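With positions in the sequence shown counted from 1, the corresponding number in this note's numbering is that position plus 9.
Working notes for the structure below.
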Amino acid sequence: MNAICSDTEQAILGTWYLDEAYAVTSSGERLYDVYGAKPSGIINYGSDGRMVALITHDGRSLLDGDRQAAPADQRAAAYQSSIGYAGRYDLEDNCVLHRVDVSTYPNWVGTVLRRFLKFEDGAAVLLTPPQMQNGVETVIKLIWRRSPSIG
């Protein structure tokens, strides 16, 4: 492992809190908030090479009763307003690779989620690979900070 990778590995270790998550065009135009204006999220990178992430939309409603007995539409809304996954991670060039072992979205299990990684103003910024959405090349930008936003 070279010094740059080693420095990046040390910089990413620990717990980060989601500050913002939004879609941008390849030219940098901000399109929409992916998880609402005030999402909640936490991601942890361990020194053992394992990671875990959980993100929830802002404004989530409570369920009537426990999670098994709540009405189906409420359970569906709870599922649609959150994502969580865990597995191993590796650093490769300017990317972090999340090797998904378990996820609330079963289609991700056994896949590798590539996220471009950079550090800006004390934040860890993760960007998805470009994808086409409604004919526009779009990237999801997630900004993670060491302490949660208050307010």
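Every residue gets a Cβ at the ideal spot worked out from N, C-alpha and C, and that includes glycine.
Computed from a predicted model, the values in this text were never measured in an experiment.
Measure the C-alpha to C-alpha separation of residue i and residue j and round it to an integer number of angstroms.
i, j, result
"Gly119", "Val111", "8 Å"
"Asp42", "Leu63", "17 Å"
"Tyr162", "Ala78", "Because the chain here runs from 10 to 160, residue 162 falls outside it and cannot be looked at."
"Val33", "Lys150", "7 Å"
"Lys47", "Arg123", "24 Å"
"Leu69", "Glu101", "With the sequence shown as reference, residue 69 is identified as Arg, and Leu is not the correct amino acid for it. Cα to Cα, the separation comes out at about 35 Å."
"Ser35", "Glu146", "6 Å"
"Met141", "Leu106", "21 Å"
"Ser56", "Leu22", "7 Å"
"Leu136", "Lys127", "9 Å"
"Asn103", "Ala85", "36 Å"
"Trp66", "Glu29", "Inspection of the sequence shows that residue 66 is occupied by His rather than by Trp. If you take the alpha carbons of His66 and Glu29, they lie about 11 Å apart."
"Met10", "Glu18", "Below a pLDDT of 50, predicted positions are generally treated as unreliable, and Met10, at 37, falls in that range; the measurement from the model is reported next regardless. Looking at the two C-alpha atoms, the distance is approximately 10 Å."
"Ser156", "Asn143", "35 Å"
"Leu27", "Gly50", "5 Å"
Based on the DSSP secondary-structure assignment, which residues constitute the bridge partners of residue i?
i, result
"Gly93", "Leu63"
"Asp42", "Tyr31"
"Gln142", "Val145"
"Arg154", "Tyr26"
"Ile21", "In DSSP, Ile21 forms no bridge with anything."
"Gly50", "Ile64"
How about residue i: is its Cβ closer than 7 Å to a heavy atom in the ligand ATP?
i, result
"Thr24", "This structure does not include the ligand ATP; it has no bound ligands of any sort."
Could you tell me which of the options sits nearest to residue i, measuring between CA atoms?
i, options, result
"Ile152", "Glu146, Gln19 and Thr24", "Thr24"
"Gly93", "Trp117, Glu18 and Glu38", "Trp117"
"Pro138", "Arg154, Glu129, Ala95 and Val121", "Val121"
### Query
Going along the chain, which unbroken runs of the beta strand (DSSP E) with 3 or more residues stay wholly within the segment 97-139?
104-112, 121-129 and 132-136
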